[in-house]
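Trainee: Below are the structure tokens for one structure; questions will follow.
There are 2 protein chains.
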Amino acid sequence: MPETEIDTLAIVGLGLIGSSIARGARQYGLARTIVAIDRDPGVLARVRALGLADTATDDVAAGVAGADLVILCVPVGAVGAVAEAMGAALKSGAIVSDVGSVKASVVAAVAPHLPDGVAFVPAHPVAGTEYSGPDAGFSTLFSGRWCILTPPDGTDAAASARVQAFWEGLGAIVETMTPEHHDLVLAITSHVPHLIAFNIVGTAADLEAVTQSEVIKFSAGGFRDFTRIAASDPTMWRDVFLTNKDAVLEMLGRFNEDLAALARAIRWGDGDALHELFSRTRTIRKGIVAMGQETAEADFGRARPGPVPDKASPSV
Amino acid sequence: MPETEIDTLAIVGLGLIGSSIARGARQYGLARTIVAIDRDPGVLARVRALGLADTATDDVAAGVAGADLVILCVPVGAVGAVAEAMGAALKSGAIVSDVGSVKASVVAAVAPHLPDGVAFVPAHPVAGTEYSGPDAGFSTLFSGRWCILTPPDGTDAAASARVQAFWEGLGAIVETMTPEHHDLVLAITSHVPHLIAFNIVGTAADLEAVTQSEVIKFSAGGFRDFTRIAASDPTMWRDVFLTNKDAVLEMLGRFNEDLAALARAIRWGDGDALHELFSRTRTIRKGIVAMGQETAEADFGRARPGPVPDKASPSV
């Protein structure tokens, strides 16, 4: 088998990310045998119906016993309990990884439960959609996206290289950094954006002067963009904010300072300050498009409604 | 000609919206003659090259002289000056409309300059993309989108019906409300979303601990969604905030109160409060999709990067 192939891959948690890894690993020949582990019988039934794995079980210890690579794809608040349940069952030489959106707390929660002879290479593929569950995954989810590895000091270099090769096999571009720096970077590129999206959707829902029906009808003015990430998995995101509290509050503090300055510019009619910021922010999107992380198509390339009504019967 | 057809349509300002109206009016047979008016010679050159109008001029008074319907498609801060320049040239029985994202200030700025015998029917099509200029427009921009009319008390009902029929001809769904209510509704569905998008992109650009390159690379975690509306036209948006100050600051105050409560829940580890909000916000997106104002496709149906690298040459 090629050097990148894993003999037995165990995936714990077959949601959007876990099921996408299973599909990609199969499609790109990255693992000989795939074991799917999930405690939810409904998920296991879908995994079997979709043929996502060779074996599907709710017994994490039994499931990981023969695995060469175990990837934890559960909410970050649950990784510690899973690591505890499976630690003793891992074979010597196994590599454990994860896909959590927070890294320092995952290292702290998982590492103590892993026996000697097992390497831990934390990972975070920066990819996803607003849908959840095993039916939402697809094999190209990670194609052209970054995957960040945060191996703690002293991690076996061969194990890190193995995990890197696996993610490259899924089409990702791999970068390595410390868990702490990861948590700071993702606080601004992912966690605070989600927080303010959840927040504005909540604010809009709670107004008295504007009805929910009006919010929905006139959402194409900008609001609807925010509803996409505000439709993401609630449990996953609760855990992200609880486990990356310090970095999120730090970045949120910056956001609030800047927003206060912007509100002041509006109140005092400082058009130049507004125009200067609004001109500057165009540049960053161009960089994101140039780096292949965003489409250049107008409006994300959204599908548009059908053509205008039949001209043969004008309404007036 | 059908009742909905306008004899001579004059469009002042051939940006994204104005050029889309020109294209739609031609394509759907809504106007016999189209006059394009713009003070920018570069825009006029593109209008001629694209064949968007029968006549293109930088002289607003001459351009509107024979028009039955005049639509102002300039930034809301400029409508007063345009109305002043063209008022005396309007023919009796002409209808003036606009497309501004703010309505109370537009009514105040335009109405005083219009002679007796000219009706003013302010309008706001809730549609757009992040691109600007005459090349960015397209005839189906308004298809399936709402257009809000805010005729002041005493507006000629036949004039309002004419404008409504015109927008329906472009594929829009028309709703009528007061200028003041419009400004409140749009503050939450459009203006504040733009403000916080501009703001977070600015915050991210100014960090010292996270590089701009990292922000760009890892933007697929959520941040990139915000960069789309933060790439909108700076002059248009400066004017929106300056002319809808009260409603924007009122809605921003609500947003800030809610965000402070959310930050507090994070600081004190109140996972239940977070989960409750994050579950509630999913519902609104479902309503928007159900009403045809948003695609149900994952990730807005964004085009994805190409397939994964060739498996024949593994990198490790």
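In order, the protein sequences belong to chains A and B.
Per this note's numbering, the first sequence starts with residue 946, numbered consecutively.
Per this note's numbering, the second sequence starts with residue 946, numbered consecutively.
Don't be surprised by glycine CBs; every beta carbon is placed ideally from N, CA and C.
Within the 8 angstroms Cβ cut-off, does residue 1048 of chain B reach chain A?
Mentor: Residue 1048 of chain B does not count as touching chain A.
Trainee: Assuming residue 977 of chain A is part of the alpha helix (DSSP H), what are its boundary residues?
Mentor: Residue 977 of chain A -> not in any alpha helix (DSSP H); beta strand (DSSP E) instead, spanning 976-982.
Trainee: Could you give the distance in angstroms between the alpha-carbon of residue 964 of chain B and the alpha-carbon of residue 1022 of chain B?
Mentor: Rounded to the nearest angstrom, the two C-alpha atoms are 19 angstroms apart.
Trainee: Run through chain B and tell me which residues come within less than 8 angstroms of residue 1153 of chain A, C-beta to C-beta.
Mentor: Within 8 angstroms Cβ-Cβ: nothing; residue 1153 of chain A doesn't reach chain B, min ~10 angstroms.
Trainee: Looking at the structure shown, is residue 1067 of chain B part of a helix, part of a strand, or coil, going by DSSP?
Mentor: DSSP places residue 1067 of chain B in coil when its eight states are reduced to three.
Trainee: Along the chain, where does the alpha helix (DSSP H) containing residue 1047 of chain A start, and where does it finish?
Mentor: Taken as a continuous stretch (DSSP letters only), residue 1047 of chain A belongs to no alpha helix (DSSP H), as it is neither H nor E.
Trainee: Mind pulling the beta strand (DSSP E) runs of 3 or more residues that sit fully within the region 982-1023 of chain B?
Mentor: For the region 982-1023 of chain B, whole beta strand (DSSP E) runs of length 3 or above, ordered along the chain, are 1000-1002 and 1014-1017.
Trainee: Does residue 1202 of chain B pass the burial test, meaning 16 or more other C-beta atoms within 10 Å, or should it be called exposed?
Mentor: Exposed.
Trainee: If we ignore side chains and look at the alpha-carbon of each, how far apart do residue 1067 of chain A and residue 1037 of chain A end up?
Mentor: About 18 angstroms.
Trainee: Contact criterion: CB-CB distance below 8 angstroms. Does residue 1259 of chain A meet it with respect to chain B?
Mentor: Summary for residue 1259 of chain A: the model assigns pLDDT 36, below 50, so the residue's position carries little reliability; its value from the coordinates is reported in the next sentence. Taking Cβ atoms only, chain B reaches closer than 8 angstroms to residue 1259 of chain A, which makes this a yes.
Trainee: May I ask you to list the residues that DSSP assigns as paired with residue 1120 of chain B?
Mentor: Beta-bridge pairing links residue 1120 of chain B to B/1093.
Trainee: Quick one: what does DSSP say residue 1170 of chain B is sitting in, helix, strand or coil?
Mentor: Correct three-state label for residue 1170 of chain B: helix.
Trainee: Within 10 Å of its beta-carbon, does residue 1224 of chain B have 16 or more other beta-carbons around it, so buried, or fewer, so exposed?
Mentor: Residue 1224 of chain B should be labelled exposed.
Trainee: Using the three-state DSSP reduction, which class does residue 1155 of chain B fall into: helix, strand or coil?
Mentor: Residue state, collapsed to three classes: coil.
Trainee: Let me check one thing: in DSSP terms, what residues is residue 1042 of chain A bridge-paired to?
Mentor: Residue 1042 of chain A is bridged to A/1016 and A/1066.
Trainee: Beta carbons nearer than 9 angstroms to chain B: which residues of the region 1070-1101 of chain A have them?
Mentor: Listed by position along the chain: 1071, 1072, 1073, 1074, 1075, 1076, 1081, 1083, 1084, 1085, 1086, 1087, 1088, 1089, 1090, 1091 and 1093.
Trainee: At the level of alpha carbons, what is the spacing between residue 1259 of chain B and residue 1040 of chain A?
Mentor: Reliability of the predicted coordinates at residue 1259 of chain B is poor, the pLDDT of 36 falling under 50, and the value obtained from them is presented with this limitation in mind. Cα to Cα, residue 1259 of chain B sits roughly 20 angstroms from residue 1040 of chain A.
Trainee: Exposed or buried, which one is residue 1096 of chain A when buried takes at least 16 other CB atoms within 10 Å?
Mentor: The residue is buried, with at least 16 neighbouring Cβ atoms inside 10 Å.
Trainee: Going by DSSP, which residues form a beta bridge with residue 951 of chain A?
Mentor: Per DSSP, A/976.
Trainee: Look up residue 946 of chain A in the DSSP assignment and say whether it is helix, strand or coil.
Mentor: Reliability of the predicted coordinates at residue 946 of chain A is poor, the pLDDT of 41 falling under 50, and the value obtained from them is presented with this limitation in mind. Reduced to three states, the DSSP call for residue 946 of chain A is coil.
Trainee: Under 7 angstroms between beta-carbons, which chain B residues line up against residue 1224 of chain A? List them in chain order, please.
Mentor: Ordered by position in chain B, the residues that pass the 7 angstroms Cβ test against residue 1224 of chain A are 1179.
Trainee: Pair every Cβ in the region 1186-1197 of chain B with every Cβ in the region 1123-1138 of chain B, then say whether three or more of these pairs are closer than 8 angstroms.
Mentor: A contact exists between the region 1186-1197 of chain B and the region 1123-1138 of chain B.
Trainee: Rounded to whole angstroms, what's the CA-CA distance from residue 1093 of chain B to residue 1235 of chain B? Just pull it up for me.
Mentor: So the alpha carbons of these two residues sit roughly 20 angstroms apart.
Trainee: For residue 1165 of chain A, which residues in chain B fall below 7 angstroms Cβ to Cβ?
Mentor: The contacting residues are 1071, 1072, 1090 and 1238.
Trainee: Could you tell me whether any Cβ in chain A is nearer than 8 angstroms to the Cβ of residue 946 of chain B?
Mentor: Annotation note: pLDDT 41 at residue 946 of chain B (below 50); position unreliable, no value reported.
Trainee: If you draw a straight line from the C-alpha of residue 946 of chain B to the C-alpha of residue 1137 of chain A, how long is it?
Mentor: A caution first: residue 946 of chain B carries a pLDDT of 41, below 50, which makes its placement in the model unreliable, though a value can still be read off. Approximately 55 angstroms between the Cα atoms of the pair.
Trainee: Counting pairs of Cβ atoms below 8 angstroms between the region 1184-1193 of chain B and the region 1226-1243 of chain A, do you hit three or more?
Mentor: Touching, no.
Trainee: List the residues of chain A that residue 1065 of chain B touches, going by C-beta distances under 9 angstroms, in chain order.
Mentor: Correct list: empty, because the minimum Cβ distance to chain A is about 19 angstroms.
Trainee: Between residue 974 of chain A and residue 1222 of chain B, what straight-line distance do the alpha-carbon atoms span, to the nearest angstrom?
Mentor: Rounded to the nearest angstrom, the two C-alpha atoms are 41 angstroms apart.
Trainee: Could you name the residues that DSSP lists as bridge partners for residue 957 of chain B?
Mentor: The partner list for residue 957 of chain B (beta bridge, DSSP) reads B/982 and B/1017.
Trainee: Give every residue of the same chain whose Cβ lies closer than 6 angstroms to the Cβ of residue 953 of chain A, excluding the five residues on either side of it in the sequence, and list them in chain order.
Mentor: Within the same chain, residue 953 of chain A has close Cβ partners 978, 1011, 1012 and 1013.
Trainee: For a test of your reading of the model: does the CB of residue 1218 of chain B fall under 7 angstroms from any non-hydrogen atom of the ligand ZN? Yes or no.
Mentor: Questions concerning the ligand ZN fall outside what the structure shown contains, since it holds no ligand whatsoever.
Trainee: Please state if the CB of residue 1175 of chain A and the CB of residue 1146 of chain A are separated by a distance shorter than 8 angstroms.
Mentor: In this structure, residue 1175 of chain A lies closer than 8 angstroms to residue 1146 of chain A by Cβ.
Trainee: Which residues in the same chain have their Cβ closer than 7 angstroms to the Cβ of residue 1171 of chain B, if we skip the five residues on either side of it in sequence?
Mentor: Excluding positions up to five away in sequence, the list reads 1142, 1145 and 1146.
Trainee: Quick one: is residue 1057 of chain B near chain A, going by C-beta distance under 8 angstroms?
Mentor: Not closer than 8 angstroms to any Cβ of chain A, the Cβ of residue 1057 of chain B fails to qualify, so no.
Trainee: Using the beta-carbon count (16 or more within 10 Å), is residue 955 of chain B buried or exposed?
Mentor: Residue 955 of chain B comes out buried.
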